[in-house]
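The numbering used here applies: residue 1 is where the sequence shown begins, and numbers increase by one. Note that CB positions come from ideal geometry on N, CA and C, so glycine has one too.
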Amino acid sequence: DYDMYHDDILRLADLINLRPFNRIYGIHKGGLIVACHVAYILDNNVRVLPLYKGVDDNYYMHNNKHGKLTYMSDNKLTKNDIIIDDIYDTGKTYKDAKANFPEATFAFLYAKKDVPDNKTNICAAMIRTMDYIVLPYQT
């Protein structure tokens, strides 16, 4: 529900605010929304930037086709650049983004399983379910 989502957004913003950061990037689609909410809470002139120029429609489909992501040209991110996604689920998006931005810090609102590199990456809440998670902005 929205109250839980809001509490978890506040928790994620607090965790991000504990470390120095330059910019926040949002992973298409849900990560952009979460990144905007976090930036609004932090309210310190945070720029929220999309990580991708384009997303192939097949990327999110479970149809044996392998879609691809087209990254922004400025991919020299540091550990002080935060890449936000709404859910860490299969790890596919994380692995792809981590391969292209190995120095960046990743932050997830929710994770369905343990997040890799948990000493550098951030997760607001673990949700141990295989069910599809519907966030308030998706209804």
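Classified as exposed, A99 has fewer than 16 neighbouring CB atoms from the shown chains inside 10 Å of its CB.
Between the alpha carbons of H28 and R128 lies a distance of about 23 Å. In the three-state reduction of the DSSP assignment, G31 falls in the helix class, which pools H, G and I. Around the C-beta of Y137, fewer than 16 other C-beta atoms lie within 10 Å, and the residue is accordingly described as exposed. Judged by DSSP in its simplified three-state form, I9 adopts helix. At least 8 Å separates the beta-carbon of T120 from that of D81. Under DSSP, I82 forms a beta bridge with I24, T105. DSSP places I122 in the uninterrupted beta strand (DSSP E) bounded by 122-126.
In the three-state scheme derived from DSSP, where H, G and I count as helix and E and B as strand, V134 is classed as coil.
By the neighbour-count criterion, in which a residue is buried when 16 or more other Cβ atoms sit within 10 angstroms of its Cβ, D114 is exposed. Within the same chain, and ignoring the five residues on either side of I122 in sequence, the residues whose Cβ sits closer than 6 Å to its Cβ are L15, A107.
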